[in-house]
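Reading through the structure tokens given below for one structure.
Residue numbers (my numbering), protein chains in the order written: chain A, 100 to 479; chain B, 80 to 452.
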């Protein structure tokens, strides 16, 4: 026992033994408990008819659909909340983060206050505030807030007109896609050329022209082949158009406003981490403040910003599970809530739910690590 | 030779512009350029949108007295503060029996009595203080709150609620997660492969899943894993879940600190002949923990905010009990809910920002000048 190597092996074997013993104990208990409670085991339940409705479905789903399909409905609802939440949180977070370094005293104070207040209030409270406090206070369908007779806001959600493309509208969409791809390549080429020759290239105007201008011209030439399905009040509720349900809106708002407070701090510390000498050197070379920020400060700050930003994106995605508190049909609410209550198969359902979040975590961190390694500072 | 000497005096320069005073400050900070002025106007407009309406709701149009919903039912009424006043006891104790509430008070005061000298750096006997807080105090608190011994009536945890539950969950989580997290962090950096893998697996799994699923697991799955007849209290299961969850986050914070300790410190300790635990306890951990105080406090704050999630599995914490009281018909007004939420937000804000202020103060105090800046 005096040999550290032998001691290490003994300790490890003991630990392993304890872990295995706990695992076996849990397993045998679970099997006998499930048998006694007459709960089926295995994943066979995924093919059984669900028999409950879901208010927001991105894929086709009826009460006759299976539990397996309900799982995917919940998963997609989680992903769409995360998607919009991340975009909104990034925009607000960067604005507030840059604002809290502004030379303008008033803007700086407002941004600092935003960060302090938002970060120190629990997310669940944010969510309740938007859902029960604000969106419930909006009038009912008959007294909807009306914007230009096409967008209606009431306590059932926000109703937008749904665009319906006519002949040739597909061409416009294809042009937009081509425009996006082309701008991507132009941006790469311009960057390379700038690095080699120092010649700047107006990438923004070219991209705008390709993504918006050209498709718009074709769209007008074709005689505007686009009609809208306007929402209209029929009976007690609105019909037609696209609806964003209040649960979705409050979840996205709460998640992004809360997470933006954290992102703002990451952005601020990232920009502050760039040595002042970099700015001074850029000014000494005669570079204007705008390009200095864009070409000197931000690229260096991004190295510091990206890793914590990744964690914030992951947190936001995981926090979208708070949806269960306001019954937005996300993965946890639909699958670990309703389906679990109906089938009682806690082990399988929680295993599947947790695996989804683990997989999302792993995919995000792989993508972000790849991006991080690309932009990381190469020293020596 | 011609001398170039000025014969008449040069006219005096005008006095410099204001460099001090309100106007000069405003010129420099608010109106230094066109874009700056526009930003100032934008900021002022934002404040104009928010501040007057908030003040009007919370103070000028608010109701401050009354003992029922009638007082808050006026047209254009703002916040309904009497609701908070009337329900304050519930918010603090939940459904804890009226005649037993002195036990909660005593638990609270004994805790504060131990905590305040701990937080003030100049008070001596820190070690004994810490021992009191970590060993006898939890036992006393447990015996006082649950009862059932020493002639105290037993109070089941299903009667606990409000701030009591919030503090119990948060403090247990904090106290349990710090040592567990340190152990996990040491395990993650251990040279023994099996222990390292187990620790990495544990940390990554807890960090990869949302707290809600962990709480669901504690409430529906954990009972399945226990032998027949063994039941755990719901609150206790939730405490276990919260402690495991936050210890994984704590482990990562501590790992950061361990990585920041220079190699020479390890080598120095080994050269003195210290064994692993002595090296860690006396040399490495004090340095590592000091550098990550902000991170530790951040995870305390996160944990405190996350305690609100226990309401989803049916425990009535502070937020849960406030929400429960909205259903009281005696106080049902359009303003009740929003008043309750704003009150809860203020309480959480005060506690969380208090913690972060204290951590900044500690950081400055413990700063031994080892930093570069």
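C-beta: ideal position from N, C-alpha, C; glycine also.
Notebook entry, point to check: Checking contacts by CB at 7 Å: is residue 209 (chain A) closer than that to chain B?
Noted result: Counting from 1 along the first chain, the entry for residue 209 (chain A) is found at position 110. Output row for residue 209 (chain A): interface = yes.
Check: Quick one: what does DSSP say residue 336 (chain A) is sitting in, helix, strand or coil?
Finding: Stepping through the first chain from its first residue, residue 336 (chain A) is reached at position 237. Strand, per DSSP.
Notebook entry, point to check: Which chain B residues sit within Cβ distance under 8 Å of residue 125 (chain A)?
Noted result: Translated into positions along the first chain, residue 125 (chain A) becomes position 26. Within 8 Å Cβ-Cβ: 304.
Item checked: Beta-carbon neighbours of residue 453 (chain A), restricted to chain B and to distances below 7 Å -> Looking up residue 453 (chain A) in the first chain gives position 354. Near residue 453 (chain A) (Cβ distances below 7 Å), the residues of chain B are 288 and 292.
Next item on the list: Report all residues from its chain with a CB closer than 7 Å to the CB of residue 378 (chain B); omit the five preceding and five following residues, and keep chain order.
Entry: Taking the second chain and counting its residues from 1, the one referred to as residue 378 (chain B) is at position 299. Contacts found: 325, 328, 329 and 332.
Checklist line | Presumed contact (8 Å Cβ cut-off) between residue 166 (chain B) and residue 404 (chain B), rounded CB distance | finding: Here residue 166 (chain B) corresponds to residue number 87 of the second chain, with the count starting at 1. Here residue 404 (chain B) corresponds to residue number 325 of the second chain, with the count starting at 1. Contact flag correct, Cβ pair sits at about 5 Å.
Check: If we count Cβ pairs, one from each stretch, closer than 8 Å, do we get three or more for the stretch 219-231 of chain A versus the stretch 415-422 of chain A?
Finding: yes
Margin query: At 4 residues or longer, what runs of the alpha helix (DSSP H) sit wholly inside the stretch 228-305 of chain B?
Written below: 241-267, 272-287, 290-295 and 301-304
Note to self: At the 7 Å Cβ level, is residue 111 (chain A) part of the contact set with chain B, yes or no?
What the structure shows: Residue numbering aside, residue 111 (chain A) sits at position 12 when the first chain is read from its first letter. Cβ-Cβ to chain B under 7 Å: yes for residue 111 (chain A).
Check: Quick one: which chain B residues come within Cβ less than 8 Å of residue 215 (chain A)?
Finding: Counting from one through the first chain, the residue named residue 215 (chain A) turns up at place 116. The contacting residues are 432.
Check: Mapping DSSP to helix, strand and coil, what is residue 160 (chain A)?
Finding: The sequence position of residue 160 (chain A) within the first chain is 61, counting from 1. Residue 160 (chain A) falls in the coil class under three-state DSSP.
Margin query: Taking the beta strand (DSSP E) that residue 343 (chain A) belongs to, which residues open and close that run?
Written below: Taking the first chain and counting its residues from 1, one reaches residue 343 (chain A) at position 244. Looking at the DSSP string, the run of the beta strand (DSSP E) that includes residue 343 (chain A) is 341-343.
Check: With a cut-off of 7 Å, does the C-beta of residue 437 (chain A) fall near any C-beta of chain B?
Finding: Numbered from its first residue, the first chain carries residue 437 (chain A) at position 338. False, the Cβ-Cβ gap to chain B never drops below 7 Å.
Next item on the list: Can you have a look at residue 436 (chain B) and say buried or exposed, based on whether 16 or more other CB atoms are within 10 angstroms of its CB?
Entry: Along the second chain, one-based indexing puts residue 436 (chain B) at 357. Answer is exposed; the Cβ neighbour count stays below 16.
Margin query: Would you say the beta carbon of residue 135 (chain A) is closer than 6 Å to some non-hydrogen atom of the ligand PLP?
Written below: Inclusion of the ligand PLP in the displayed structure is not the case, the ligand content being empty and no account of it being possible.
Notebook entry, point to check: Which value, in whole angstroms, describes the spacing of the CA atoms of residue 321 (chain A) and residue 328 (chain A)?
Noted result: Numbered from its first residue, the first chain carries residue 321 (chain A) at position 222. Numbered from its first residue, the first chain carries residue 328 (chain A) at position 229. One C-alpha to the other measures close to 20 Å.
Next item on the list: Taking residue 410 (chain B) and residue 162 (chain B) to be in contact with their CB atoms under 8 Å, please state how far apart those CB atoms are, rounded to whole angstroms.
Entry: By 1-based counting over the second chain, the position of residue 410 (chain B) is 331. By 1-based counting over the second chain, the position of residue 162 (chain B) is 83. Confirmed, Cβ separation roughly 5 Å.
Checklist line | Residues bridged to residue 173 (chain B) [DSSP beta-bridge criterion] | finding: On the second chain, residue 173 (chain B) is found 94 positions in, with the first residue counted as 1. Its beta-bridge partners are B:239.
Check: Can you name the residues of chain B whose CB is closer than 7 Å to the CB of residue 204 (chain A)?
Finding: Locating residue 204 (chain A) in the first chain gives position 105, counting from the first residue. 108 and 109, listed in chain order.
Next item on the list: Pick out whichever of A:306, A:474, A:453 and A:443 has its Cα sitting closest to the Cα of residue 135 (chain A).
Entry: By 1-based counting over the first chain, the position of residue 135 (chain A) is 36. Here the closest residue by C-alpha is A:443.
Next item on the list: Look up residue 328 (chain A) in the DSSP assignment and say whether it is helix, strand or coil.
Entry: The count along the first chain starts at 1 and reaches residue 328 (chain A) at position 229. Correct three-state label for residue 328 (chain A): strand.
Notebook entry, point to check: How far does the alpha helix (DSSP H) with residue 176 (chain A) in it reach, from first residue to last?
Noted result: By one-based count along the first chain, residue 176 (chain A) stands at place 77. Counting along the chain, the alpha helix (DSSP H) containing residue 176 (chain A) begins and ends at 166-198.
Next item on the list: Let me know the secondary structure DSSP gives residue 471 (chain A) once reduced to three states.
Entry: If you number the first chain from 1, residue 471 (chain A) lands on position 372. Helix, per DSSP.
Check: Which of the three DSSP states, helix, strand or coil, is assigned to residue 365 (chain A)?
Finding: Along the first chain, read from residue 1 onward, the residue named residue 365 (chain A) stands at position 266. Residue 365 (chain A): helix per DSSP, three-state reduction.
Margin query: Based on DSSP bridge pairs, tell me the residues matched to residue 257 (chain A).
Written below: By 1-based counting over the first chain, the position of residue 257 (chain A) is 158. Beta-bridge pairing links residue 257 (chain A) to A:252 and A:343.
Next item on the list: Please list the residues of the stretch 190-204 of chain B that have a C-beta atom closer than 7 Å to any C-beta atom in chain A, keeping them in chain order.
Entry: none
Margin query: Considering just the uninterrupted stretch of the beta strand (DSSP E) at residue 246 (chain A), what are its terminal residues?
Written below: For the purposes of this step, residue 246 (chain A) is taken as the residue at position 147 of the first chain. Note, residue 246 (chain A): beta strand (DSSP E), 244-246.
Note to self: With three or more beta-carbon pairs closer than 8 Å as the criterion, would you say the stretch 276-294 of chain A touches the stretch 340-348 of chain A?
What the structure shows: no
Checklist line | Helix, strand or coil at residue 451 (chain B) [DSSP, three-state] | finding: By 1-based counting over the second chain, the position of residue 451 (chain B) is 372. Summary for residue 451 (chain B): the model assigns pLDDT 47, below 50, so the residue's position carries little reliability, and this model does not support an answer.
Margin query: I want to verify the contact list: residues of chain A whose CB lies under 7 Å from the CB of residue 295 (chain B), in sequence order.
Written below: Your numbering for residue 295 (chain B) matches position 216 in the second chain. In chain order: 435 and 449.
Notebook entry, point to check: Between residue 171 (chain B) and residue 241 (chain B), is the Cβ-Cβ spacing less than 7 Å?
Noted result: Residue 171 (chain B) sits at position 92 when you count from the first residue of the second chain. Residue 241 (chain B) sits at position 162 when you count from the first residue of the second chain. Yes, the Cβ-Cβ distance between residue 171 (chain B) and residue 241 (chain B) is below 7 Å.
Next item on the list: Return yes when the Cβ of residue 303 (chain B) is within less than 7 Å of the Cβ of residue 132 (chain A), no when it is not.
Entry: Here residue 132 (chain A) refers to the residue found at position 33 when the first chain is read from its first residue. Here residue 303 (chain B) refers to the residue found at position 224 when the second chain is read from its first residue. Going by C-beta atoms, residue 132 (chain A) is nearer than 7 Å to residue 303 (chain B).
Margin query: For residue 307 (chain B), tell me which candidate among A:105, A:201, A:127 and A:447 has the shortest Cα-Cα distance.
Written below: In the second chain, residue 307 (chain B) corresponds to position 228, counting from 1. Cα-wise, what sits closest to residue 307 (chain B) is A:127.
Note to self: Pull the bridge partners of residue 146 (chain B) from the DSSP assignment, please.
What the structure shows: Taking the second chain and counting its residues from 1, one reaches residue 146 (chain B) at position 67. Per DSSP, none; premise fails for residue 146 (chain B).
Note to self: Going by DSSP in three states, residue 104 (chain A) sits in which element: helix, strand or coil?
What the structure shows: As a working note, residue 104 (chain A) is residue 5 in the first chain. It is helical.
Check: Listing by chain order, which chain A residues have their CB less than 9 Å from the CB of residue 398 (chain B)?
Finding: Locating residue 398 (chain B) in the second chain gives position 319, where the first residue counts as 1. Correct list: 221, 223, 224 and 227.
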